[in-house]
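Numbering (my numbering), first residue to last: 301 to 569.
Here a beta-carbon is modelled for each residue, glycine too, at the ideal position from N, C-alpha and C.
Here the structure is a predicted model, which means the values were calculated and not measured.
This report concerns only the one structure given below.
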């Protein structure tokens, strides 16, 4: 089963027309795909990433309707800059996509306190502190939406990346709690859980092992019923849907976008 080559041109009104979205991790593969799709669907964008140079390039590729804020979510003291940026650039926000993440490659028995602090600071604590920063705008929106990008491995786990998987499992729990707490304020919260996705980061790690992109695709180690790599745009599409009015009665949902990986793992278990 192959991925779609491109999205069809919509014949309906843009789904995010008149809305403003903040996307973290916007310079990465999934973040760029989300940003492109949101922009095509009429949204104005605030792009956040810790890599200032890559963020500028991503914004240039998108063109108009974009503002950028270089920011490391691990720096809690810098997070108030988000509120300042929103006030200075339109004083509006309707959608937050918590997509930024870092990884640590340790077995749990070998993970030290410093590595735990590094990964928690971005993947969990940073995402929650950022959400708290922007909730006043999301509440005022009247149809505010938070979409957290978790991971299929936050559902099923795997050896060697337990810290990452644990933070993503915690993000799922935080999503559900936020959905309960913020429903009365008109803010929805949902999560998508990608499986193995072919991004620039994936390719760079493969290259370090001497694998080209065709070789990586051919080897296709992905342990899922749809036995291929996911593409960034295949994650962006459900993120868009959850952020849009098409999902207006959906909150607290956790959507695996993983080729069936989590379903197969649970069946085996």
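- By the CB criterion at 8 Å, residue 427 and residue 398 fall inside the cutoff.
- According to the DSSP assignment, residue 447 belongs to no alpha helix (DSSP H) but to the beta strand (DSSP E) extending over 444-449.
- Non-local C-beta neighbours of residue 488 in its own chain, meaning closer than 6 Å and more than five positions away in sequence, comprise 445, 551, ordered along the chain.
- Straight-line measurement puts the Cα of residue 499 at about 33 Å from the Cα of residue 482.
- Counting only residues of its own chain and dropping the five nearest sequence neighbours on each side, residue 469 has a CB closer than 6 Å to the CB of 454.
- By the Cβ neighbour-count rule, residue 349 is buried, with 16 or more other Cβ atoms within 10 Å of its own.
- Judged by DSSP secondary structure, residue 527 falls outside any alpha helix (DSSP H); it is assigned neither H nor E.
- When DSSP states are grouped into helix, strand and coil, residue 556 belongs to the strand group.
- Between the alpha carbons of residue 432 and residue 510 lies a distance of about 42 Å.
- Within a 10 Å sphere around the beta-carbon of residue 546 sit fewer than 16 other beta-carbons, which makes this residue exposed.
- Contact between residue 450 and residue 492 holds: CB atoms are separated by about 7 Å, below the 8 Å threshold.
- Residue 395 carries a strand assignment under DSSP once its states are collapsed to helix, strand and coil.
- Cβ neighbours of residue 418 within its own chain (closer than 8 Å, five residues either side excluded): 374, 402, 404.
- When secondary structure is reduced to three states using DSSP, residue 436 falls in the helix class.
- Residue burial is scored here from C-beta neighbours: residue 317 has fewer than 16 other C-beta atoms within 10 angstroms and is therefore classed as exposed.
- Assignment of residue 483 by DSSP, reduced to helix, strand and coil, places it in the helix class.
- For the 8 Å CB-CB criterion, residue 535 and residue 557 form a contact.
- Going by DSSP, residue 367 is part of the beta strand (DSSP E) stretching over 366-370.
- DSSP places residue 465 within a helical segment (H, G or I) once states are collapsed to three.
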